[in-house]
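Position 19 of the sequence shown, counted from 1, bears residue number 39 in our numbering, the numbering being contiguous throughout.
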Amino acid sequence: SVTGASSGFGRCTTDYLLKQGHRVVATLHKPEALSELGSGTNITTSADIIAAFHNTQEAFGRFDVVFDNAGQMIVGE
21 SVTGASSGFG RCTTDYLLKQ GHRVVATLHK PEALSELGSG TNITTSADII AAFHNTQEAF
81 GRFDVVFDNA GQMIVGE
């Protein structure tokens, strides 16, 4: 599972892992990026996070790696 897969390190990591043939669950906050990735899970609420976790376990049976890359940048003066 790669969080923050819309852009930056998360996107690069997702693209790399997919090219290497790995199965990747990509989670992101920007739904428009889903069409670029082909698939993924839009995470905007706590319920979305819980659902993504359970759906991944059902689909794959386990998590081998979680790349917790999601973050929020706050710009100040």
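Quick reminder that beta carbons are idealized off the backbone N, C-alpha and C, glycines included.
- Residue burial annotation: T64 is exposed, with fewer than 16 other C-beta atoms found within 10 angstroms of its C-beta.
- Looking at the backbone, the Cα of G41 and that of G24 are separated by about 20 Å.
- Put simply, the backbone Cα of E52 is about 15 Å away from that of G30.
- For A72, the uninterrupted alpha helix (DSSP H) run begins and ends at 66–80, by DSSP.
- Taken atom to atom, the span from the alpha-carbon of E78 to that of I69 is near 14 Å.
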